[in-house]
Amino acid sequence: MRNSPVTRHPDLLVGLETSDDAAVYVTPGGTALVQTVDFFTPVVDDPYDWGRITAANALSDVYAMGGTPITALQLVGWPRDTLPFELLEEVIAGGAAVMEAAGCTIVGGHSIDDPEPKYGFAVTGLVEPDRLVTNAGAQPGDSLVLTKPLGTGIIATAIKNQKADMEVAAQAVEIMTALNEGASRAMTSVGVNAATDITGFGLLGHLTEMLEAAGLGAELNLQAIPLIDGVVELAEQGILPGGSKRNLESVTDSVDFGDIPVQIRNVLADAQTSGGLLISVHPDRVDYLLEALEAERTQAAAVIGSIVPGSGIRLLS
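Under numbering that gives the first Met the number 0, the first residue of the sequence shown is numbered 0, with each subsequent residue one higher.
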């Protein structure tokens, strides 16, 4: 997408320029539409869970912008000659269950015959322009707060290779199917400077986008970053998705890792599916945000670092 032509329009509040989570367009009536699309191949073996995870992941971009999802279009690629449609029915049922829980109405979609199964959604949401949160507003001194633990990409790979402990796998599925609705509600009620959701580019990749958009740097406290139980051990075994490896390579020049072991570096760059929100908030408001996140019962509410002048990311162990 970096080489895509930049589209400009007076009513386009957020486009491609800052690699934000979704596009935001103001309608003639003054309401802002939040639009995003996401689809991928299976990340777990259970088709119903795959559908749930996909829906939660697609909705996350809207929540990261402080929006409320209202409608969704399904995207399906299915190998009709090799996989039974009964499995697809389970996938769709899982996606529909999460969309219903989010109050988002599935209004249609499109399917194609595809050698590899794919499933996803194009989601439209609403946001008040004065409550819009982008990834570009971080300020020096802001605290960085993360709302889900890291490691879903590594664990999904372990599940595919039948190397994931049942408890670890179950925990990852629970995290991936959890909506970021509560985290979004918490941050908009408190008022924050910037946010993004942690998905395919991993914590380091998405934080890098946030920093580049703001022209700033960050320091991360390694000990404060929440990780899913068992993920470090899987990384030590070399169980890594290809996307996580590429993520680590892409941030090497912008991250000061110090003497942090390679397996921890891989977890920090792990390509997440339906990860949490990374929120940049003024230090005077961080305690209020943590209280709001606790009230929403998010999977994590961890202050993992701060925004600093300069550029790049420095990891403090």
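Cβ coordinates follow ideal geometry from the N, Cα and C atoms, glycine included.
How long is the line joining the alpha carbons of Ser310 and Ala95, rounded to whole angstroms?
As a working mapping, residue 310 is identified with position 311 in the sequence shown. As a working mapping, residue 95 is identified with position 96 in the sequence shown. In a straight line, the C-alpha of Ser310 is about 42 Å away from that of Ala95.
Straight-line gap, Ile238 to Ala157 (C-alpha atoms, nearest Å)
If you number the sequence shown from 1, residue 238 lands on position 239. If you number the sequence shown from 1, residue 157 lands on position 158. Cα to Cα, Ile238 sits roughly 6 Å from Ala157.
Pick from Tyr118, Val106, Leu149, Thr53: whose alpha carbon is nearest that of Leu233?
One-based indexing of the sequence shown puts residue 233 at position 234. Selected option, being the one with the closest Cα: Leu149.
For a test of the three-state rule: what should DSSP assign to Ser318, helix, strand or coil?
In this structure the chain extends from 0 to 316, so residue 318 is not present and cannot be described.
So, using beta-carbon positions, are Leu226 and Val266 closer together than 9 Å?
Along the sequence shown, one-based indexing puts residue 226 at 227. Along the sequence shown, one-based indexing puts residue 266 at 267. In this structure, Val266 lies closer than 9 Å to Leu226 by Cβ.
Skipping 5 residues on each side, what residues in its chain have a beta carbon closer than 6 Å to that of Thr70?
Taking the sequence shown and counting its residues from 1, the one referred to as residue 70 is at position 71. Result list for Thr70: Thr104, Val106, Thr123, in chain order.
With DSSP run on the structure shown, which of helix, strand or coil describes Phe38?
In the sequence shown, residue 38 corresponds to position 39, counting from 1. Correct three-state label for Phe38: strand.
On the criterion of 16 or more Cβ atoms from any shown chain inside 10 Å, does Thr67 qualify as buried, or is it exposed?
As a working mapping, residue 67 is identified with position 68 in the sequence shown. Its Cβ being crowded by 16 or more others within 10 Å, Thr67 is buried.
Which stretch, first to last residue, makes up the beta strand (DSSP E) that contains Val13?
Residue mapping note: residue 13 aligns to position 14 of the sequence shown, counting from 1. 11 to 13 is the span of the beta strand (DSSP E), which, as asked, contains Val13.
Apply the 10 Å Cβ neighbour rule to Thr251 and answer buried if 16 or more other Cβ atoms are within range, or exposed otherwise.
Within the sequence shown, residue 251 is the residue found at index 252, counting from 1. Exposed, by the Cβ-count rule.
My output table needs one value for Gly65: the three-state DSSP class, helix, strand or coil.
Position 66 of the sequence shown, counted from the first residue, corresponds to residue 65. Coil, per DSSP.
Under DSSP, the alpha helix (DSSP H) around Lys162 begins and ends at which residues?
One-based indexing of the sequence shown puts residue 162 at position 163. Premise fails: Lys162 is in no alpha helix (DSSP H) and is neither H nor E.
Identify every run of the alpha helix (DSSP H) within the region 101 to 167, keeping only runs that are complete inside it and at least 4 residues long; order them along the chain.
151 to 159
Give the secondary structure of Ser243 by DSSP, where H, G and I count as helix, E and B as strand, and everything else as coil.
Translated into positions along the sequence shown, residue 243 becomes position 244. In this structure, Ser243 counts as helix in the three-state DSSP scheme.
Have a look at Gly315 and Ala100 and give me their C-alpha separation to the nearest angstrom.
Taking the sequence shown and counting its residues from 1, the one referred to as residue 315 is at position 316. Taking the sequence shown and counting its residues from 1, the one referred to as residue 100 is at position 101. For the record, residue 315 in the displayed sequence is Leu; it is not Gly. Leu315 and Ala100: Cα-Cα distance of roughly 39 Å.
Simplified DSSP assignment, three categories, for Ile303
Within the sequence shown, residue 303 is the residue found at index 304, counting from 1. Of the three classes helix, strand and coil, the one that applies to Ile303 here is strand, per DSSP.
For the alpha helix (DSSP H) holding Gly216, just list the boundary residues, first then last.
Stepping through the sequence shown from its first residue, residue 216 is reached at position 217. That residue, Gly216, is in no alpha helix (DSSP H); its beta strand (DSSP E) goes 216 to 220.
Start-to-end residues for the beta strand (DSSP E) that takes in Ile278
Indexing the sequence shown from 1 puts residue 278 at position 279. Element bounds for Ile278: 276 to 280.
Ser279 beta carbon less than 9 Å from that of Phe200:
Translated into the one-based positions of the sequence shown, residue 200 becomes position 201. Translated into the one-based positions of the sequence shown, residue 279 becomes position 280. Cβ atoms of Phe200 and Ser279: not closer than 9 Å.
Grab the span of the alpha helix (DSSP H) containing Gly311 for me, first residue to last.
The residue you call residue 311 lines up with position 312 of the sequence shown. Run containing Gly311: none in the alpha helix (DSSP H); it sits in the beta strand (DSSP E), 311 to 315.
Count the other CB atoms, across all protein chains shown, that sit within 10 Å of the CB of Asp141; report buried if there are 16 or more and exposed otherwise.
The residue you call residue 141 lines up with position 142 of the sequence shown. Burial call: buried.
Going by DSSP, what residue range makes up the alpha helix (DSSP H) through Thr207?
The count along the sequence shown starts at 1 and reaches residue 207 at position 208. Unbroken alpha helix (DSSP H) run through Thr207: 201 to 213.
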